[in-house]
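**Student:** Read in order, the letters of the sequence shown are residues 521 to 647 in this note's numbering.
Backbone N, C-alpha and C define an ideal beta-carbon position, used for all residues, glycine too.
Provided herewith is a single structure, encoded as C-alpha coordinates, for subsequent inquiry.
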Amino acid sequence: MNTLSVLILTRSMAGTEMLSVVRQRLETLNIDCHTLTFNPEASADTVYPHISGRINHIDKGAGVLVLIDSDATHQALFKKLSDELNVICVTGLNDAMIAAIKECDKLTLPQAAERVIQAGLAAIKKY
521 MNTLSVLILT
531 RSMAGTEMLS
541 VVRQRLETLN
551 IDCHTLTFNP
561 EASADTVYPH
571 ISGRINHIDK
581 GAGVLVLIDS
591 DATHQALFKK
601 LSDELNVICV
611 TGLNDAMIAA
621 IKECDKLTLP
631 QAAERVIQAG
641 LAAIKKY
(Lines of atoms letter the chains of each structure in order from A; the text may use other names.)
(Lines give C-alpha, C1' and ligand atoms only; values in the text may rest on other atoms or scores of the structure.)
Protein backbone atom coordinates (compact mmCIF):
# COMPACT_ATOMS: atom_id res chain seq x y z
CA MET A 521 0.00 0.00 0.00
CA ASN A 522 1.24 3.47 -0.86
CA THR A 523 1.61 5.74 2.12
CA LEU A 524 1.75 9.47 2.54
CA SER A 525 4.92 11.25 3.64
CA VAL A 526 5.31 14.71 5.14
CA LEU A 527 8.10 17.24 4.62
CA ILE A 528 8.25 20.21 6.99
CA LEU A 529 10.08 22.91 5.04
CA THR A 530 11.23 25.97 6.98
CA ARG A 531 13.68 28.85 6.71
CA SER A 532 15.09 28.08 10.17
CA MET A 533 15.34 25.16 12.58
CA ALA A 534 11.78 25.90 13.76
CA GLY A 535 10.34 22.98 11.79
CA THR A 536 12.70 20.49 13.40
CA GLU A 537 12.00 21.90 16.84
CA MET A 538 8.22 21.91 16.36
CA LEU A 539 8.24 18.32 15.10
CA SER A 540 10.31 17.24 18.10
CA VAL A 541 7.92 18.90 20.56
CA VAL A 542 4.84 17.36 18.92
CA ARG A 543 6.46 13.91 18.82
CA GLN A 544 7.25 14.14 22.54
CA ARG A 545 3.72 15.23 23.36
CA LEU A 546 1.97 12.62 21.20
CA GLU A 547 4.62 9.91 21.70
CA THR A 548 4.32 8.92 18.06
CA LEU A 549 3.30 10.06 14.61
CA ASN A 550 2.15 7.24 12.35
CA ILE A 551 3.24 8.99 9.17
CA ASP A 552 6.79 9.35 7.90
CA CYS A 553 7.81 12.96 8.70
CA HIS A 554 10.95 14.75 7.58
CA THR A 555 12.27 18.27 8.02
CA LEU A 556 14.35 20.41 5.72
CA THR A 557 15.71 23.91 6.25
CA PHE A 558 16.43 26.16 3.29
CA ASN A 559 18.11 29.53 2.91
CA PRO A 560 15.41 32.15 2.31
CA GLU A 561 17.93 34.33 0.51
CA ALA A 562 18.81 31.64 -2.04
CA SER A 563 17.12 31.73 -5.42
CA ALA A 564 14.38 29.27 -6.29
CA ASP A 565 16.65 27.80 -8.99
CA THR A 566 19.29 27.11 -6.35
CA VAL A 567 17.05 25.42 -3.77
CA TYR A 568 14.65 23.60 -6.13
CA PRO A 569 16.97 20.64 -6.90
CA HIS A 570 17.68 20.11 -3.19
CA ILE A 571 14.02 20.26 -2.14
CA SER A 572 12.70 18.24 -5.08
CA GLY A 573 15.40 15.62 -4.51
CA ARG A 574 14.32 15.23 -0.89
CA ILE A 575 10.66 14.98 -1.94
CA ASN A 576 11.44 12.31 -4.53
CA HIS A 577 13.47 10.40 -1.93
CA ILE A 578 10.69 10.30 0.69
CA ASP A 579 7.67 9.84 -1.64
CA LYS A 580 6.35 6.32 -1.11
CA GLY A 581 3.75 6.59 -3.85
CA ALA A 582 0.86 8.46 -2.19
CA GLY A 583 2.58 11.83 -2.44
CA VAL A 584 4.19 14.24 -0.04
CA LEU A 585 2.43 16.86 2.04
CA VAL A 586 4.83 19.80 2.31
CA LEU A 587 4.19 22.03 5.32
CA ILE A 588 5.89 25.41 4.97
CA ASP A 589 6.39 28.09 7.59
CA SER A 590 5.60 31.01 5.29
CA ASP A 591 5.15 31.92 1.67
CA ALA A 592 6.59 35.40 2.19
CA THR A 593 9.37 34.33 -0.15
CA HIS A 594 9.57 31.71 -2.88
CA GLN A 595 5.90 31.52 -3.93
CA ALA A 596 7.00 30.53 -7.44
CA LEU A 597 9.11 27.71 -5.99
CA PHE A 598 6.17 26.27 -4.05
CA LYS A 599 3.97 26.49 -7.15
CA LYS A 600 6.64 24.72 -9.22
CA LEU A 601 6.92 21.93 -6.64
CA SER A 602 3.14 21.47 -6.68
CA ASP A 603 2.98 21.53 -10.48
CA GLU A 604 5.88 19.16 -11.16
CA LEU A 605 5.83 16.68 -8.27
CA ASN A 606 3.24 14.61 -6.42
CA VAL A 607 2.99 17.16 -3.60
CA ILE A 608 0.64 19.65 -2.06
CA CYS A 609 2.30 22.62 -0.37
CA VAL A 610 0.52 24.15 2.62
CA THR A 611 1.86 27.36 4.15
CA GLY A 612 1.37 28.95 7.57
CA LEU A 613 2.83 26.09 9.61
CA ASN A 614 1.79 25.85 13.23
CA ASP A 615 1.96 23.24 16.00
CA ALA A 616 -1.62 22.05 15.47
CA MET A 617 -0.92 21.26 11.83
CA ILE A 618 1.92 18.95 12.81
CA ALA A 619 -0.22 17.29 15.49
CA ALA A 620 -2.98 16.69 12.91
CA ILE A 621 -0.60 14.58 10.81
CA LYS A 622 -1.43 11.60 13.03
CA GLU A 623 -5.03 11.76 11.74
CA CYS A 624 -3.97 11.59 8.08
CA ASP A 625 -2.69 8.03 7.74
CA LYS A 626 -5.76 6.78 5.87
CA LEU A 627 -6.39 9.98 3.89
CA THR A 628 -5.46 10.89 0.34
CA LEU A 629 -2.97 13.69 -0.21
CA PRO A 630 -5.69 16.32 -0.89
CA GLN A 631 -7.70 15.13 2.13
CA ALA A 632 -4.61 15.29 4.36
CA ALA A 633 -3.88 18.83 3.15
CA GLU A 634 -7.41 19.91 4.04
CA ARG A 635 -7.20 18.20 7.45
CA VAL A 636 -3.99 20.00 8.47
CA ILE A 637 -5.31 23.32 7.16
CA GLN A 638 -8.46 22.97 9.26
CA ALA A 639 -6.40 22.02 12.33
CA GLY A 640 -4.13 25.01 11.79
CA LEU A 641 -7.03 27.41 11.41
CA ALA A 642 -8.78 26.04 14.50
CA ALA A 643 -5.63 26.65 16.55
CA ILE A 644 -5.48 30.35 15.73
CA LYS A 645 -6.94 32.26 18.66
CA LYS A 646 -7.44 35.84 19.69
CA TYR A 647 -7.38 36.66 23.41
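Please state the DSSP three-state secondary structure of HIS570.
**Tutor:** Looking at HIS570 - three-state DSSP - the assignment turns out to be helix.
**Student:** Does the region 633-642 come close enough to the region 558-567 that 3 or more CB-CB pairs lie under 8 angstroms?
**Tutor:** With a cut-off of 8 angstroms, the region 633-642 and the region 558-567 do not count as touching, because too few Cβ pairs lie within range.
**Student:** Going along the chain, which residues of its own chain have a beta-carbon closer than 6 angstroms to the beta-carbon of ALA564, five neighbours each way excluded?
**Tutor:** So the list reads HIS594, ALA596 and LEU597, once near-sequence residues are dropped.
**Student:** Which value, in whole angstroms, describes the spacing of the CA atoms of HIS577 and LEU549?
**Tutor:** Computed Cα separation, rounded: 19 angstroms.
**Student:** Answer with buried or exposed for GLY583, where buried requires no fewer than 16 other C-beta atoms within 10 angstroms of its C-beta.
**Tutor:** Buried.
**Student:** Can you check which of these residues, LEU585, HIS554 and ALA619, is closest to ASN606 by C-alpha distance?
**Tutor:** When only C-alpha atoms are compared, the closest one is LEU585.
**Student:** From the DSSP output, read off the bridge partner residues of LEU527.
**Tutor:** DSSP output for LEU527 lists HIS554 and VAL586 as bridge partner(s).
**Student:** Please name the residue or residues paired with VAL610 in a DSSP beta bridge.
**Tutor:** Answer is LEU587, bridged to VAL610.
**Student:** Name the residue from ARG574, VAL610 and LEU601 whose alpha carbon lies nearest to the alpha carbon of ASP591.
**Tutor:** When each option's Cα is compared against that of ASP591, the closest is VAL610.
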